[in-house]
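Novice:
Protein chains: 4
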Amino acid sequence: MPGRPRDTSRDAVIFDATLELLTGVGYDKLSMDSIAAMAGVGKATIYRRYSGKAALVAAAVDHRAGATPPAVEAADLRGALLEIVRWLAREIAEQEIGLLGALFAGMRGDPDLAAAMRRIAHRDQAAMTRQPLDDGLLDPRGAALFAEIVPAMVVHRLVIVGEPCDERFLEHLVDDILLRLLKEGSRP
Amino acid sequence: MPGRPRDTSRDAVIFDATLELLTGVGYDKLSMDSIAAMAGVGKATIYRRYSGKAALVAAAVDHRAGATPPAVEAADLRGALLEIVRWLAREIAEQEIGLLGALFAGMRGDPDLAAAMRRIAHRDQAAMTRQPLDDGLLDPRGAALFAEIVPAMVVHRLVIVGEPCDERFLEHLVDDILLRLLKEGSRP
Amino acid sequence: MPGRPRDTSRDAVIFDATLELLTGVGYDKLSMDSIAAMAGVGKATIYRRYSGKAALVAAAVDHRAGATPPAVEAADLRGALLEIVRWLAREIAEQEIGLLGALFAGMRGDPDLAAAMRRIAHRDQAAMTRQPLDDGLLDPRGAALFAEIVPAMVVHRLVIVGEPCDERFLEHLVDDILLRLLKEGSRP
Amino acid sequence: MPGRPRDTSRDAVIFDATLELLTGVGYDKLSMDSIAAMAGVGKATIYRRYSGKAALVAAAVDHRAGATPPAVEAADLRGALLEIVRWLAREIAEQEIGLLGALFAGMRGDPDLAAAMRRIAHRDQAAMTRQPLDDGLLDPRGAALFAEIVPAMVVHRLVIVGEPCDERFLEHLVDDILLRLLKEGSRP
DNA sequence: AAATAACCGAGACGGTACGTCAAGTCTTGAG
DNA sequence: CTCAAGACTTGACGTACCGTCTCGGTTATTT
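Chains as they are written, first to last, in this note's numbering: chain A, 306 to 493; chain B, 306 to 493; chain C, 306 to 493; chain D, 306 to 493.
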């Protein structure tokens, strides 16, 4: 099949422009024209790669987030949990808020896209608890509980409550909720 | 010297049209023109009352939700929690999903509006646990924990996970998380 | 017929505001709201008197123009013609341009109103040449020619050519057109 | 590096729709939305070409009128004048009335546009008298007088007097005004 | 080497919705 | 019944964005 191959260097500049504008003005003030202009790219080049704004934002967030695995250092359960929770809170605050906007906007019209974005949002959660699981700090039931509660409360804190996930909140989350549920779960 | 007073009957038809279209087509396919047309109202009449789509949706959801107090019947803690959780899940699924869309869309550009919408989202949560508190089924610390965890997990379930809050999920929420945290809290 | 009588002092302030705004911003940037506001009058008070913007402007121009009869002093034909032409040019430039805008805007939708405005535009023209007629400076045929040519050329100069009716133009009009036609007409 | 060039076929359909609606409903009932709809064109395509309704109408009238040169057949002065006057009266009645509406509406806010419209209104008038000039039927002074008087009286007749330029009026214009002025001018 | 075919930046295209503004009508409370 | 104030419906305005299409021009592969 002949023809000029896609210029892969375009992907990077498109992602950069998308993420910069996304964090700058928010999802719904984000326009494809402005992304194309900032990236120095034709709109067709974007639409050749992504089906629309929601898909582009999903891909951009996926790309950026994919580069950051956690890497836990603490050896005790509380320390490990705090590290993971800190990383997740920062990740969501910085990147995935935009993804959530895309999710809201796109999920009605395109269920497949919504499913893809949900996969992105979930993807790290499995990897996140792998190390504590391997170290024996966490059992599978505890890991599931963690994955169910922590993202929910972090997102709720940021979006609904509208306050940052500061250290105080994260310690409260770990000490008053997670540790008590996990300890409770380990009793006979 | 005041002129013609606002026709309060217009508020009702505007809210009705807004909510019907909101649940029908979703927040971002919702157009001011279609609301005005369905309500039989000029756009200026809407913009005289609300600064934009986000503010209108917030007011409409506020209006509709305000009419619904919980009213718990069960006398035991588990039953009471289940009732409240069921009501909240239904409320969020039916009404506040639209509000969340508005929140995402509007919160960057208008922090005051975002704050107002957060107040709306929070408003019922205090009243929600009042009866169990009065009945002695819940202590203040437990009520705070409830208000912190339940909305977060319900919203997360609906938006991020993308699955409905069915009875199975709600019982899991009550039995595996809430009750264990609340029992734990009552120990020495 | 009982009821509060119309406050005739309102007519004056409405006319004043109308004419001031008309000369200030032109016919089509003239809004009923701004007239009402400047006049310190409710819009209903205007619409109770005039059927719409075009009718109001016509009445205002009629009112203002009606107060100004010509009063020719010169005893020779050329001097008399120049005086009349000067007055008419000033009158049209200052007032009736607005009326012409109203005429254009309103004539399609309301032929009766258009007829009324044409009557206004014509009204002075009969009176204008009365004195020269009485003095024997002009015969009826000459007066008719005058009334047919002068307003046409003044309006054309102002609107189509877009230049002011300065003394040079007016003398050209009198010397090169009017006087030659009138002299010609008086020959055997 | 230029992008996609303007589709010049869009100009034609826009002009057609504009002129059809203009003659149908008149200048001020003419809406950009209806033009766009009838032309099967997005509003942006119109606004990309013309700054507003007045500019569009000016361009449309210019376009349509530009295609029509006079072509005089008569060999005597009276016949030639009548032919030209007839053509001009028809032209103004059919096309330029709309342009005059645009001129009134737009000339306050945009003097450049007003100047352009005046150029359009004047454009044919030079060419109009070229043939009689070449044939020696008219001298330059007579041609200037013609161009000054005839359009003025035709417009005045149509707009202010509100009557059509029928044959009777045109002969009056030629016999009682033009010919007498032109003959007068040729005497010693 | 030439032809082919998909790519690229740029930007015009048909649409849809936005939020504003004006026209003319209606509704207060006061006189 | 009139007044000032101002809310009402209607409908056009000009702007912004979407996702598509069309230019002239640029690479790679395939003949």
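Glycine included, every Cβ here is placed at the ideal spot set by N, Cα and C.
1) Could you tell me whether the region 377-395 of chain B touches the region 335-343 of chain B, where touching means 3 or more Cβ pairs closer than 8 angstroms?
2) Quick one: measure Cβ to Cβ for residue 462(C) and residue 465(D), integer angstroms, because I've assumed they're closer than 8 angstroms.
3) With DSSP run on the structure shown, which of helix, strand or coil describes residue 314(D)?
4) Taking residue 330(A) as the query, report the chain B residues whose CB atoms sit under 8 angstroms from its CB, ordered along the chain.
5) Using a Cβ cut-off of 8 angstroms, pull out every chain D residue sitting near residue 358(C), in sequence order please.
6) Below 9 angstroms on C-beta distance, what does residue 324(A) contact in chain B?
7) For residue 406(B) and residue 331(B), which I take to be in contact (beta-carbon distance under 8 angstroms), what is that distance rounded to the nearest angstrom?
8) Exposed or buried, which one is residue 447(A) when buried takes at least 16 other CB atoms within 10 Å?
9) Out of 338(B), 409(B), 377(B), which one is the CA nearest neighbour of residue 280(B)?
10) Give me the Cα-Cα distance between residue 324(B) and residue 366(B), rounded to the nearest whole angstrom.
11) Do the CB positions of residue 479(A) and residue 470(A) come within less than 7 angstroms of each other?
12) Out of 444(A), 338(A), 379(A), 397(A), point me to the one whose CA is closest to residue 426(A)'s CA.
13) Distance, Cα to Cα, residue 454(D) vs residue 334(B)?
14) Using alpha carbons as the reference points, say which of 457(B), 354(B), 336(B) lies closest to residue 315(B).
15) According to DSSP, simplified to helix, strand and coil, what is residue 355(D)?
16) Would you check if the distance between the CB atom of residue 457(C) and the CB atom of residue 457(D) is smaller than 7 angstroms?
17) For residue 410(A), go through chain B and note every residue whose CB falls closer than 7 angstroms to its CB, in chain order.
18) Compare the C-beta of residue 465(C) against all C-beta atoms of chain D and say whether one is closer than 7 angstroms.
19) Rounded to whole angstroms, how far is the Cβ of residue 351(A) from the Cβ of residue 337(A), which I believe are closer than 8 angstroms?
20) Using a Cβ cut-off of 8 angstroms, pull out every chain D residue sitting near residue 456(C), in sequence order please.
21) Suppose contacts are defined by Cβ-Cβ distances below 7 angstroms. Is residue 442(A) in contact with residue 382(A) by that definition?
22) Comparing alpha-carbon positions, which option in 428(B), 369(B), 481(B), 486(B) lies nearest residue 399(B)?
23) Could you tell me how far apart the beta carbons of residue 328(C) and residue 403(C) are, in whole angstroms, since I believe they sit closer than 8 angstroms?
24) Give the secondary structure of residue 415(D) by DSSP, where H, G and I count as helix, E and B as strand, and everything else as coil.
25) Along the chain, where does the alpha helix (DSSP H) containing residue 342(B) start, and where does it finish?
26) Who are the near neighbours of residue 491(A) in its chain, counting only those whose CB is closer than 6 angstroms to its CB and skipping five residues on each side?
27) CB-CB under 7 angstroms to residue 419(C), same chain, minus the five flanking residues each way: which ones, in chain order?
28) I'd like to know if residue 365(D) contacts chain C, where contact means its C-beta is closer than 7 angstroms to some C-beta of that chain.
29) Within the 7 angstroms Cβ cut-off, does residue 423(C) reach chain D?
30) Roughly how many angstroms lie between the CA atoms of residue 356(D) and residue 401(D), to the nearest whole one?
31) What are the residues in the region 434-449 of chain C lying within 7 angstroms of chain D by C-beta distance?
32) Contact defined as beta carbons within less than 8 angstroms: I believe residue 436(B) pairs with residue 377(B). What is the distance between those atoms, to the nearest angstrom?
33) Rank 414(B), 379(B), 311(B), 321(B) by C-alpha distance to the C-alpha of residue 349(B) and give the top, closest one.
34) Going by beta-carbon coordinates alone, are residue 387(D) and residue 483(D) separated by less than 7 angstroms?
Specialist: Quick look at the numbers:
1) With contact defined as three or more Cβ pairs closer than 8 angstroms, the region 377-395 of chain B and the region 335-343 of chain B are not in contact.
2) Actually they are not in contact, since the Cβ atoms of residue 462(C) and residue 465(D) sit about 14 angstroms apart, beyond 8 angstroms.
3) The DSSP-derived three-state label of residue 314(D) is helix.
4) Result: 413.
5) What residue 358(C) touches in chain D: nothing, since even the nearest Cβ is about 11 angstroms away.
6) Here the premise fails: no neighbours, minimum Cβ distance about 15 angstroms.
7) With a Cβ gap of about 7 angstroms, residue 406(B) and residue 331(B) count as contacting.
8) Answer is buried; the Cβ neighbour count reaches 16.
9) Because chain B here runs from 306 to 493, residue 280(B) falls outside it and cannot be looked at.
10) Counting only the Cα atoms, residue 366(B) lies some 7 angstroms from residue 324(B).
11) Cβ atoms of residue 479(A) and residue 470(A): not closer than 7 angstroms.
12) Minimum Cα distance to residue 426(A) is reached at 397(A).
13) One alpha carbon belongs to residue 454(D), the other to residue 334(B), and they sit about 60 angstroms apart.
14) It is 354(B) whose Cα lies nearest to the Cα of residue 315(B).
15) Note: residue 355(D) maps to coil in three-state DSSP.
16) The Cβ atoms of residue 457(C) and residue 457(D) lie closer than 7 angstroms to each other.
17) The contact set of residue 410(A) on chain B, defined by CB atoms closer than 7 angstroms, consists of 333 in chain order.
18) Output row for residue 465(C): interface = yes.
19) Here residue 351(A) really is in contact with residue 337(A); their C-beta atoms are around 6 angstroms apart, less than 8 angstroms.
20) Around residue 456(C), the beta-carbon contacts reaching into chain D at under 8 angstroms are 461, 465.
21) Yes.
22) In this structure, 369(B) is the residue among 428(B), 369(B), 481(B), 486(B) with its C-alpha nearest to the C-alpha of residue 399(B).
23) Rounded, the Cβ-Cβ distance is 7 angstroms, consistent with contact.
24) DSSP, reduced to helix, strand and coil, places residue 415(D) outside both helices and strands of the structure shown, so it counts as coil.
25) Per DSSP, residue 342(B) belongs to the alpha helix (DSSP H) from 337-344.
26) Confidence is the limiting factor: at residue 491(A) the pLDDT is only 48, short of 50, which leaves the residue's position unreliable, though a coordinate-based value still follows. None.
27) Answer for residue 419(C): 408, 411, 412, listed in chain order.
28) Residue-level contact check: residue 365(D) does not touch chain C, since none of the beta carbons of chain C fall below 7 angstroms from its beta carbon.
29) Yes, because at least one Cβ of chain D sits closer than 7 angstroms to the Cβ of residue 423(C).
30) Rounded to the nearest angstrom, the two C-alpha atoms are 20 angstroms apart.
31) Listed by position along the chain: nothing, the set is empty.
32) Taking C-beta atoms under 8 angstroms as the contact rule, residue 436(B) and residue 377(B) qualify, at a distance of about 5 angstroms.
33) Among 414(B), 379(B), 311(B), 321(B), the Cα nearest to that of residue 349(B) is on 311(B).
34) In this structure, residue 483(D) does not lie closer than 7 angstroms to residue 387(D) by Cβ.
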